[in-house]
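In terms of my numbering, the sequence shown opens at residue 67 and continues consecutively.
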Amino acid sequence: MKNLFPIIIVLFLLATFKPQAQQVFIAKGKIEFEKQTNMHKEIDDSWGADDDNIWKQNYKKILPKIQTTYFDLFFNEEKTLYKVGRDAPQGLQKVPEWMMDRTTDNIIYNDLKLNQTTSQKNVFESNFLIVDSLRKIDWRITSDTRTIAGIECRKAIGKIMDSVYVIAFYADIIENSGGPESFTGLPGMILGIAVPRLNTTWFATKVELVEIKETDLAIPKKGKKSNYAELQQQLKKSTKDWGKNAERSIWKMMI
């Protein structure tokens, strides 16, 4: 009987032991992003510190403090497609038509396996089709975390276009290294982006586990074919007389 006692204890422990639930990974679905730009800070950056400037005061009266737009990102294990989504709620103050953000017309397709992007961009009322390699971003991953759309994300800091710092939050349970706009390259889907120099953030509001059809990931085809380097040169020529605002405008259109 004494010899049976240790066996009974082991059987009891095995019967009561509950292994931890396996982590669920997400391979495909749809993510809604809320893009917000602080328009009043944009005016301050454009017009400088002179608060008595009548034009600056008038623009702040016309524009809402925060411009909000929504985008949808469809994804599977290897590809993403990012395009404009639903309209902002009626309660939000609208930006005048002549000051609308034309980047809302952009469609960005990324093939992460082939390391290639195909982006349809509206630049000065003209459509460009940018076909190029994915933008290389040197990320530094930190230990900080944040919950976005109910998913725990890890913080990373990167730099684009030589001098523009980016703060990102990615979810490693989503098996795709993409994100909103042209942001990619982290070990999981980017669910949050902040670009302080552009006074703009992109944060996921919801992640839906839905079937993805071929049409959801259709490659954009409209526009004058170009690449990032050619587009940047074109933008520099077009904004050469814009003074200090030229560089900021190029950053916005290149993202």
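Note that the Cβ used here is the ideal one computed from N, Cα and C, for glycine as well.
Can you check which of these residues, the options, is closest to residue i by C-alpha distance?
i	options	result
residue 183	287, 130, 309 and 169	287
residue 320	309, 297, 307 and 311	297
residue 242	101, 144, 139 and 97	144
residue 134	198, 194, 282 and 267	267
residue 106	130, 99, 169 and 293	130
residue 300	244, 196, 245 and 146	196
residue 263	293, 232 and 289	232
residue 304	112, 126, 92 and 190	190
residue 219	111, 277, 118 and 245	245
residue 198	118, 307 and 180	180
Can the beta-carbon of residue i be found closer than 8 angstroms to that of residue j?
i	j	result
residue 237	residue 257	yes
residue 104	residue 128	no
residue 214	residue 270	yes
residue 185	residue 248	yes
residue 273	residue 95	yes
residue 137	residue 99	yes
residue 255	residue 240	yes
residue 108	residue 293	no
residue 54	residue 178	With the chain covering only 67 through 321, there is no way to say anything about residue 54.
residue 302	residue 192	no
DSSP puts residue i in a beta bridge; with which residues?
i	result
residue 198	183
residue 150	137
residue 218	213
residue 258	235 and 269
residue 206	223
Under the rule that 16 or more other beta-carbon atoms within 10 Å means buried, what is residue i, buried or exposed?
i	result
residue 252	buried
residue 187	buried
residue 323	Residue 323 lies beyond the range of the chain shown here (67 to 321); nothing can be said about it.
residue 229	exposed
residue 281	exposed
residue 87	Since pLDDT at residue 87 reaches only 48, below the 50 mark, its modelled position is unreliable, and the value read off the structure follows with that caveat. Exposed, since its Cβ has fewer than 16 Cβ neighbours within 10 Å.
residue 224	buried
residue 222	buried
residue 141	buried
residue 78	Per-residue confidence for residue 78 stands at a pLDDT of 40, beneath the threshold of 50, marking its modelled position as unreliable; the derived number appears in the next sentence. Residue 78 should be labelled exposed.
residue 139	buried
residue 310	exposed
residue 101	buried
*asked:* Below 8 angstroms, how does it come out for the region 134-154 and the region 107-123: are there three or more Cβ pairs, yes or no?
replied: no
*Can at least three beta-carbon pairs, one atom from the region 227-236 and one from the region 169-179, be found at a separation below 8 angstroms?*
Contact between the region 227-236 and the region 169-179 is absent: fewer than three C-beta pairs spanning the two stretches fall below 8 angstroms.
*asked:* Within 8 angstroms, do at least three Cβ pairs link the region 307-314 to the region 193-206?
replied: no
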